[in-house]
Amino acid sequence: MYFSFPAYIEVMLSLHQKQKQLFTTLTEHALMLENHPIETIHQMRKLTKHMRALLRLEAPASTKINHTLKILSRILAPYRDAQVNLETYELLILNKNSIQSPGVVERLQSNPYYRQPIPDPNHLEEVNCQLSLLQNEMLVHKFLTKSDTIMSAIQKSYAAGLKSMRQASVDQNSETLHTWRKKTKRLWYQLHFLFGDKIEDTDHPVKSSDCLGKTLGEIHDLDVLESLLSSEHDIVLIEFIYQKRRTLLEQAFDSGETLYIEQDATLQALLLKI
2 MYFSFPAYIE VMLSLHQKQK QLFTTLTEHA LMLENHPIET IHQMRKLTKH MRALLRLEAP
62 ASTKINHTLK ILSRILAPYR DAQVNLETYE LLILNKNSIQ SPGVVERLQS NPYYRQPIPD
122 PNHLEEVNCQ LSLLQNEMLV HKFLTKSDTI MSAIQKSYAA GLKSMRQASV DQNSETLHTW
182 RKKTKRLWYQ LHFLFGDKIE DTDHPVKSSD CLGKTLGEIH DLDVLESLLS SEHDIVLIEF
242 IYQKRRTLLE QAFDSGETLY IEQDATLQAL LLKI
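For what it's worth, our numbering labels the leading residue of the sequence shown as 2, then goes sequentially.
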């Protein structure tokens, strides 16, 4: 499966430009860390995941760039997680007074990463260090690939997502589901790069992967919140989380069946038209 030569050149130039654009946006956001930490951290982590997903469309992909992006995301993760935990709880109990659990808000707010949403000086220094490394690595990196690599990468992401879905259907623990989520989000970033964000067709794999990724994200947030609760004092809330999780799991497997099985032929046909 190959691009025509003009299309290949166009896609590769676009991929190079997209990575440069994402990196520029990443560095711009870093300048806002101390003034607008909560949303800035959220956007920076999304950008690192986006760049890592697109790296897989190259051959060979840069292991150095990937490693630096991974470290950068890990530095910021505790700050983002602390905010998401409280947001998840507040959304869960919205208009549901019967499941509110005493002391949960205070416990979640006691997280030092919540109390101090601005990364401490050491973490800010680490962020700047990783961004400097990333800049140097991108300057020397050759954004080149073979003409069939993008197709192969998409197919590998598709296969990895299907494999993760099958594993999750057997063992629905938080780690297995989170892996499925990561594979699905990677696929979405890659498909979004190829097809753009102006897709009207709700049955398009871009739409399906986006929908599935969001559902799996909700499940992950519930799993993290549940792990922070006390089964002794929060039994009603925990039971409600289990009920909500079961509903979301049904939605996820329905969406996964659509994306990874029913739309397989559709995706292959779309890729051939590029």
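For glycine and all other residues, C-beta sits at the position ideal for the given N, C-alpha and C.
As the structure is a computational prediction, the values presented were derived from the model and not from experiment.
Cut-off 6 Å between Cβ atoms - residues of its own chain near A161, not counting five sequence neighbours on either side = Translated into the one-based positions of the sequence shown, residue 161 becomes position 160. Within the same chain, A161 has close Cβ partners K184.
key: Helix, strand or coil at E35 [DSSP, three-state]   = In the sequence shown, the residue the question calls residue 35 occupies position 34. If DSSP states are grouped into helix, strand and coil, E35 belongs with coil.
key: Three CB pairs or more closer than 8 Å across the stretch 172-182 and the stretch 259-272   = Output reads no: the stretch 259-272 does not touch the stretch 172-182.
Nearest-angstrom beta carbon gap, S102 and L235 [assumed within contact, 8 Å] = Along the sequence shown, one-based indexing puts residue 235 at 234. Along the sequence shown, one-based indexing puts residue 102 at 101. As written in the sequence, residue 235 is Asp, which differs from the Leu given in the question. Contact annotation, D235 with S102: C-beta distance approximately 4 Å; criterion of less than 8 Å satisfied.
request  = Note down the Cα distance separating K97 from Q156, rounded to an integer number of angstroms.
outcome  = The sequence position of residue 97 within the sequence shown is 96, counting from 1. The sequence position of residue 156 within the sequence shown is 155, counting from 1. Going by the C-alpha atoms only, they are around 43 Å apart.
key: Cβ contact (3+ pairs, closer than 8 Å) linking the stretch 190-202 and the stretch 45-60   = yes
ask   = Taking the alpha-carbon positions, what's the T89 to V171 distance?
value = Counted from its first residue, the sequence shown places residue 89 at position 88. Counted from its first residue, the sequence shown places residue 171 at position 170. Distance between the alpha carbons of T89 and V171 is about 26 Å.
query = Given 8 Å as the limit, is there contact between the stretch 29-39 and the stretch 114-123, that is, 3 or more CB pairs closer than that?
reply = yes
Boundaries (first-last residue) of the alpha helix (DSSP H) holding A62 = Taking the sequence shown and counting its residues from 1, one reaches residue 62 at position 61. Here A62 belongs to no alpha helix (DSSP H), and DSSP marks it neither H nor E.
ask   = Is it buried or exposed for P206, if we count other Cβ within 10 angstroms and need 16 for buried?
value = Counting from 1 along the sequence shown, the entry for residue 206 is found at position 205. Buried.
Helix, strand or coil at D222 [DSSP, three-state] = Here residue 222 is taken as the residue at index 221 of the sequence shown, counted from 1. Three-state result, D222: helix.
query = How long is the line joining the alpha carbons of D82 and S15, rounded to whole angstroms?
reply = The residue you call residue 82 lines up with position 81 of the sequence shown. The residue you call residue 15 lines up with position 14 of the sequence shown. Approximately 33 Å between the Cα atoms of the pair.
ask   = Mind checking whether the beta-carbon of H221 lies closer than 8 Å to any heavy atom of the ligand MG?
value = Judged by which ligands are present, the structure shown has none, so any question about the ligand MG falls away.
message = Taking the alpha helix (DSSP H) that T177 belongs to, which residues open and close that run?
response = Sequence index remark: in the sequence shown, residue 177 carries index 176 (1-based). Counting along the chain, the alpha helix (DSSP H) containing T177 begins and ends at 175-196.
Top-ranked residue by Cα proximity to S256, from A78, M166, S63, S158 = By 1-based counting over the sequence shown, the position of residue 256 is 255. Of A78, M166, S63, S158, the residue nearest in Cα terms is M166.
task = Could you name the residues of the same chain whose beta carbon sits closer than 6 Å to that of T64, not counting the 5 residues immediately before and after it, in chain order?
result = Position 63 of the sequence shown, counting from 1, holds the residue named residue 64. Excluding sequence neighbours, T64 sits near nothing in its chain.
task = Count the other C-beta atoms from every protein chain shown that fall within 10 angstroms of the C-beta of A78, then say buried if there are 16 or more, exposed otherwise.
result = Looking up residue 78 in the sequence shown gives position 77. Classification of A78: exposed, given that the 10 Å Cβ count is below 16.
key: C-alpha distance - L217 paired with K245, whole-angstrom precision   = Position 216 of the sequence shown, counted from the first residue, corresponds to residue 217. Position 244 of the sequence shown, counted from the first residue, corresponds to residue 245. L217 and K245 have their C-alpha atoms roughly 12 Å apart.
query = Run through DSSP, which three-state label would E201 get?
reply = In the sequence shown, counting from the first residue as 1, residue 201 sits at position 200. Coil, per DSSP.
Status (buried if at least 16 other CB within 10 Å, exposed otherwise) for S228 = Numbered from its first residue, the sequence shown carries residue 228 at position 227. With fewer than 16 neighbouring CB atoms inside 10 Å of its own CB, S228 falls in the exposed class.
task = Pull up the distance between the alpha-carbon of F24 and that of L34, whole angstroms please.
result = Taking the first residue of the sequence shown as position 1, residue 24 is located at position 23. Taking the first residue of the sequence shown as position 1, residue 34 is located at position 33. Cα to Cα, F24 sits roughly 16 Å from L34.
task = Look at L132 and L250 and say whether their C-beta atoms are less than 9 Å apart.
result = The residue you call residue 132 lines up with position 131 of the sequence shown. The residue you call residue 250 lines up with position 249 of the sequence shown. No, they are not a contact pair.
ask   = For G104, which of helix, strand or coil comes out of DSSP?
value = Numbered from its first residue, the sequence shown carries residue 104 at position 103. Three-state DSSP puts G104 in coil, outside helix and strand.
request  = Work out the CA separation of Y261 and S158 for me, nearest whole Å.
outcome  = As a first step, residue 158 must be located in the sequence shown, where it is residue number 157. As a first step, residue 261 must be located in the sequence shown, where it is residue number 260. Those two C-alpha atoms are separated by around 11 Å.
inquiry  = Tell me the rounded alpha-carbon separation between I220 and G214.
reply    = The residue you call residue 220 lines up with position 219 of the sequence shown. The residue you call residue 214 lines up with position 213 of the sequence shown. Taking the straight line joining both Cα atoms gives about 10 Å.
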